[in-house]
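Student: In our numbering, the protein residues as written are 480 to 753.
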Amino acid sequence: MENLYIPNIAIIIETRKETPDIKTFRLSFKDREFQRKFIFKPGQFIELSVFGYGEAPFSISSSPNQHDYFELTIKRVGNVTSALFKLNNGSAVGVRGPFGNGFPIQELENKNILFIGGGIGLAPLRSLINFVLSGREKYGDLTLMYGARTPKDIVFKEEIETWRKHIDVHLTVDVGDETWKGTVGVVTVLFKEVDVDPKDTIAVMCGPPIMMHFVTKELLKLGFPENQIILSLERLMKCGIGICGHCNIGRKYVCKHGPVFTYKETKDFLESAI
Ligand SMILES: Cc1cc2nc3c(=O)[nH]c(=O)nc-3n(C[C@H](O)[C@H](O)[C@H](O)COP(=O)(O)OP(=O)(O)OC[C@H]3O[C@@H](n4cnc5c(N)ncnc54)[C@H](O)[C@@H]3O)c2cc1C
Ligand code: FES
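#1: Whose C-alpha, out of Arg615, Ile639, Gly614 and Glu616, is nearest the C-alpha of Gly626?
#2: Could you give the DSSP three-state label for Lys554: helix, strand or coil?
#3: Strictly by DSSP, which residues pair up with Lys731?
#4: Alpha carbon to alpha carbon, what distance is there between Val665 and Cys726?
#5: Here's a check: name, in chain order, each residue in its chain whose Cβ is nearer than 6 angstroms to the Cβ of Ala602, leaving out the five neighbours to either side.
#6: State yes or no: is the C-beta of Ile633 within less than 9 angstroms of the C-beta of Leu607?
#7: For Met624, verify whether its CB is less than 8 angstroms away from any heavy atom of ligand 2.
#8: Is Leu527 closer than 9 angstroms to Val574 when the C-beta atoms are compared?
#9: With distance defined between alpha-carbon atoms, name the residue in Gln514, Lys743, Pro521 and Gly661 nearest to Gly581.
#10: Which one of Arg714, Tyr484 and Lys636 has the shortest CA to CA distance from Val733?
#11: Have a look at Phe635, Tyr618 and Pro630 and flag the residue whose alpha-carbon is nearest the alpha-carbon of His645.
#12: Between which two residues does the beta strand (DSSP E) containing Lys502 stretch?
#13: Just verifying my parser: in three-state terms, what is the DSSP assignment at Phe635?
#14: If we ignore side chains and look at the alpha-carbon of each, how far apart do Lys516 and Tyr548 end up?
#15: Let me know the secondary structure DSSP gives Glu512 once reduced to three states.
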């Protein structure tokens, strides 16, 4: 039987700087056959080890349609992430997974989708957005609301511009600068700019807990049914496979039952979850 605690070796093949403290790492498993068979859903995550430092969970930010490699978009915050930022292309890391349930991609078909991201929370949404765009005809109207702290903190800047061909994109920053001509304010200010029909739209969000709290409130006010509000949650994790109990919220393990939940599923424990 496969031992889910043993990581597979992956090599960093490319690194892109997104913001002063966020990088996108392109990785490919050393075993080419394993890479070819590495199948995941948008919204799933992996456990990444930087040898000698430790392991941490990260969402896969590339589309599952890309089979030669996968990407992680990572913010430097502490021990593992700082060690990772010091590695060069060609370095080896350990990867376990993919874990978690991922976004309910089948349920999104024939629906309008409202993507809502905050900061690094755009990472799992990028995987979903690029997956949806590769089968654009299967979905209705697509809208993105994305907020970052400052213009310098916006991730995937060039890619967002390419999304505009297919997606109604709305950006905001908490604090502008001399280069910024767009909206200033928290993500919820963007609700004034978008026109979505709650009946046929599924809202999918990922971002800081405080953002998801206020966005959920706003969506409910607009009349979104509870099962059409989808959240990707984060919790401190260890095993990633529903064994250690580190990531529990109420009766759920975020690593196993999530990280993607509908508001309907989480509302009993939502106040502690977001
Ligand atoms: C399912 C899932 C998906 C994730 N996807 C991404 C991603 O795509 N990109 C990304 O940059 N990060 C992501 N994270 C968060 C990432 O796992 C943490 O930033 C990482 O574990 C920090 O490791 P570290 O050793 O560098 O920091 P540490 O030295 O462990 O911690 C530094 C600080 O960050 C806090 N912290 C650590 N982990 C978390 C967490 N999960 N939630 C809140 N605070 C935390 C610690 O309490 C501490 O204050 C995800 C987390 C989960 C659970
Ligand atoms: S991280 Fe161990 S149960 Fe979720």
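For every residue, glycine included, the Cβ atom is placed at its ideal position computed from N, Cα and C.
Tutor: So, to answer that:
#1: Numbered from 1 along the sequence shown, position 147 holds the residue referred to as residue 626. The residue with the shortest Cα to Cα distance from Gly626 is Ile639.
#2: Here residue 554 refers to the residue found at position 75 when the sequence shown is read from its first residue. If DSSP states are grouped into helix, strand and coil, Lys554 belongs with the strands.
#3: As a position in the sequence shown, residue 731 is number 252, starting the count at 1. In the DSSP output, where bridge partners are listed per residue, Lys731 has Ile728.
#4: Residue numbering aside, residue 726 sits at position 247 when the sequence shown is read from its first letter. Residue numbering aside, residue 665 sits at position 186 when the sequence shown is read from its first letter. Approximately 28 angstroms, taken between the alpha carbons.
#5: Counting from 1 along the sequence shown, the entry for residue 602 is found at position 123. Counting only Cβ-Cβ distances below 6 angstroms, and skipping sequence neighbours, we find Ser538, Ser540 and Thr552.
#6: For the purposes of this step, residue 633 is taken as residue 154 along the sequence shown, with counting starting at 1. For the purposes of this step, residue 607 is taken as residue 128 along the sequence shown, with counting starting at 1. The answer is no: Cβ separation not under 9 angstroms.
#7: One-based indexing of the sequence shown puts residue 624 at position 145. No, since every heavy atom of ligand 2 falls outside the 8 angstroms radius drawn around the Cβ of Met624.
#8: Along the sequence shown, read from residue 1 onward, the residue named residue 574 stands at position 95. Along the sequence shown, read from residue 1 onward, the residue named residue 527 stands at position 48. Closer than 9 angstroms, so yes.
#9: As a working mapping, residue 581 is identified with position 102 in the sequence shown. Closest by alpha carbon: Pro521.
#10: Position 254 of the sequence shown, counted from the start, is the residue given in the question as residue 733. It is Arg714.
#11: Locating residue 645 in the sequence shown gives position 166, counting from the first residue. Selected option, being the one with the closest Cα: Tyr618.
#12: On the sequence shown, position 23 is the one that residue 502 refers to. Ile501 to Phe508 is the extent of the beta strand (DSSP E) around Lys502.
#13: Counted from its first residue, the sequence shown places residue 635 at position 156. DSSP places Phe635 in coil when its eight states are reduced to three.
#14: Counting from 1 along the sequence shown, the entry for residue 516 is found at position 37. Counting from 1 along the sequence shown, the entry for residue 548 is found at position 69. Near 11 angstroms, if we compare the C-alpha coordinates of Tyr548 and Lys516.
#15: Walking along the sequence shown from the start, residue 512 turns up at place 33. Helix at Glu512.
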